[in-house]
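S.K.: Please read through the structure below; I'll follow up with questions.
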Amino acid sequence: MSGSTPRASKGRIFSGIKPSGNLHLGNYLGAIRNWVSMQRDYDSMFCMVDLHAITVFQDPKELTRNTREVAAGMMASGIDPAACILFVQSHVPAHAELAWVFNCVARLGWLNRMTQFKDKAGKNREASSSGLYVYPNLMAADILVYKATHVPVGEDQKQHVELARDIAAKFNNDYGVNLFPLPEPVIQGPATRVMSLRDGSKKMSKSEMTSDAALIYMTDTADDIAQKIRKATTDPNPLPETVEGLTGRLEAENLVNIMAALSDRTPEQVLQEVAGWQFSQFKSRLTEIAVATLGPITAEMNRLMADPAEIDRALKVGADKARALAAPILKEAYAAVGFLPAI
Ligand code: AMP
Ligand code: TRP
1381 MSGSTPRASK GRIFSGIKPS GNLHLGNYLG AIRNWVSMQR DYDSMFCMVD LHAITVFQDP
1441 KELTRNTREV AAGMMASGID PAACILFVQS HVPAHAELAW VFNCVARLGW LNRMTQFKDK
1501 AGKNREASSS GLYVYPNLMA ADILVYKATH VPVGEDQKQH VELARDIAAK FNNDYGVNLF
1561 PLPEPVIQGP ATRVMSLRDG SKKMSKSEMT SDAALIYMTD TADDIAQKIR KATTDPNPLP
1621 ETVEGLTGRL EAENLVNIMA ALSDRTPEQV LQEVAGWQFS QFKSRLTEIA VATLGPITAE
1681 MNRLMADPAE IDRALKVGAD KARALAAPIL KEAYAAVGFL PAI
């Protein structure tokens, strides 16, 4: 696939990532890598969702820095701002405007079923922001304000994309229009759910981890990576010959999936290489592969972070294109609702 080939678009993809912490291996393998491979087959839009990030308090300086860093991570991973639209959510007011309409379409009962809200709010539901509760309505607006048809995400976001479908269908039905497509989640690859290195039953996630040793960050040095993999929790048995042999061995399964995703193989193919190995040998091999894949990306991220003006220029171009696409669709939605047209 070459950048100059005119694209035969299979539809429009939209995906987002919260600039609420450092990018980690889950973001890379579950999301960004898939976006890179899809970006030229679809009209592609990738967004730093800062409005979503503040549903949980963010230090303002950190938020600004993280927004650039996530953009740098995407560009360093191969997202090409010339081939797709890379932008910041708060630069395009239509997201928040359509989200308000969706707040009035989505039912409380639907939001009450969202497992991410339950996980994030935890026992402290009363003290959660109201933004955290209506988070999925804003996510539906992100997708539908561009009439996106496909949403490539990690497994954890499937329920939110399904809610976006329900919102699109109810909007179309309530207002008697055929305005919004029903977007499809695209969940692919051997690492749609990367687990913590310390506990194979917990998702690798910045917010839910007590220790940095549980996550590999995209900014980690080769030494950091080696140390974290060396300390990763495992079990005492050698690696099995078949994927069935990984059943009930959550940590082993996670590390095999990570190796598979990093080396573009299936877990079966990885096990052909490593069956019978002790974890010490497996971990050295995994470290080699992780450093070889992530090292060049980290170096390019660092180069971009040293030149924020280059990042900001790319994001301005993206925001201009996104605003132009969103404006007429928001207008159609407002007209369907019956808002008096502004003159
Ligand atoms: P977030 O950092 O929560 O905004 O997530 C951005 C993207 O990364 C979403 O598509 C998530 O589904 C994906 N993602 C986040 N954590 C993981 C994980 N541990 N495994 C796989 N995908 C993930
Ligand atoms: N909720 C997603 C996450 O936590 C991020 C996101 C926001 C998103 N808006 C989106 C993903 C629209 C896909 C499409 O990862």
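Residue 1381 is where the sequence shown starts when you use my numbering, and the numbers rise one by one after that. We put the CB at the ideal spot given by N, CA and C, even for glycine. Owing to the predicted nature of the structure, the values given are computational and were not obtained by experimental measurement.
#1: What residues match up with Y1422 in a beta bridge as DSSP calls it?
#2: For F1484, is the classification buried or exposed, using 16 other Cβ atoms within 10 angstroms of its Cβ as the cut-off for buried?
#3: Judging by CA-CA distance, which residue of N1517, K1701, D1600 and E1680 is the nearest neighbour of N1492?
#4: Quick check: does the Cβ of I1397 come within less than 6 Å of any heavy atom belonging to the ligand AMP?
#5: On the three-pair Cβ rule with 8 Å, is the region 1517-1533 touching the region 1688-1696?
#6: List the residues that DSSP assigns as beta-bridge partners of R1392.
#7: Assuming G1406 and K1611 are in contact, meaning their beta carbons sit under 8 Å apart, how far apart are those beta carbons, in whole angstroms?
#8: Check the C-beta distance from M1575 over to N1634 and give it rounded, since I have them as a contact under 8 Å.
#9: State the Cα-Cα distance for the pair L1577 and A1507, rounded to the nearest angstrom.
#10: Taking Cβ to Cβ, would you say V1654 is nearer than 7 Å to L1619?
#11: Between the region 1664-1679 and the region 1420-1439, can you find at least three pairs of beta-carbon atoms closer than 8 Å?
#12: Taking P1399 and M1425 to be in contact with their CB atoms under 8 Å, please state how far apart those CB atoms are, rounded to whole angstroms.
#13: Could you tell me the boundaries of the beta strand (DSSP E) in which H1530 lies?
#14: What did DSSP end up calling Y1526 once you bin it into helix, strand or coil?
#15: What residue range does the beta strand (DSSP E) around P1440 cover?
#16: Hey, would you say the C-beta of Q1496 is under 6 Å away from at least one heavy atom of the ligand AMP?
#17: Determine the contact status of A1452 and L1684, defining contact as a CB-CB distance below 7 Å.
M.R.: In this structure, then:
#1: Looking at the DSSP output, Y1422 sits in no beta bridge, so it has no partner there.
#2: Inspection of the sequence shows that residue 1484 is occupied by Cys rather than by Phe. So C1484 counts as exposed.
#3: When only C-alpha atoms are compared, the closest one is N1517.
#4: At least one heavy atom of the ligand AMP is nearer than 6 Å to the Cβ of I1397, so yes.
#5: Touching, no.
#6: BP columns for R1392 point to D1423.
#7: Contact between G1406 and K1611 is absent: CB atoms are separated by about 18 Å, not below the 8 Å threshold.
#8: Correct: roughly 4 Å between the Cβ atoms.
#9: If you take the alpha carbons of L1577 and A1507, they lie about 30 Å apart.
#10: Their beta carbons are under 7 Å apart, which means V1654 touches L1619 by this criterion.
#11: Contact between the region 1420-1439 and the region 1664-1679 is absent, because fewer than three Cβ pairs lie under 8 Å.
#12: Going by Cβ atoms, the distance from P1399 to M1425 rounds to 16 Å, so no, they are not a contact pair.
#13: Where H1530 is concerned, the enclosing beta strand (DSSP E) stretches over H1530 to P1532.
#14: The three-state reading of DSSP puts Y1526 in coil, since its state is none of H, G, I, E or B.
#15: Segment P1440 to S1457 is the alpha helix (DSSP H) holding P1440; no beta strand (DSSP E) there.
#16: Of the heavy atoms belonging to the ligand AMP, none sits nearer than 6 Å to the Cβ of Q1496.
#17: With contacts defined by Cβ atoms closer than 7 Å, A1452 and L1684 form a contacting pair.
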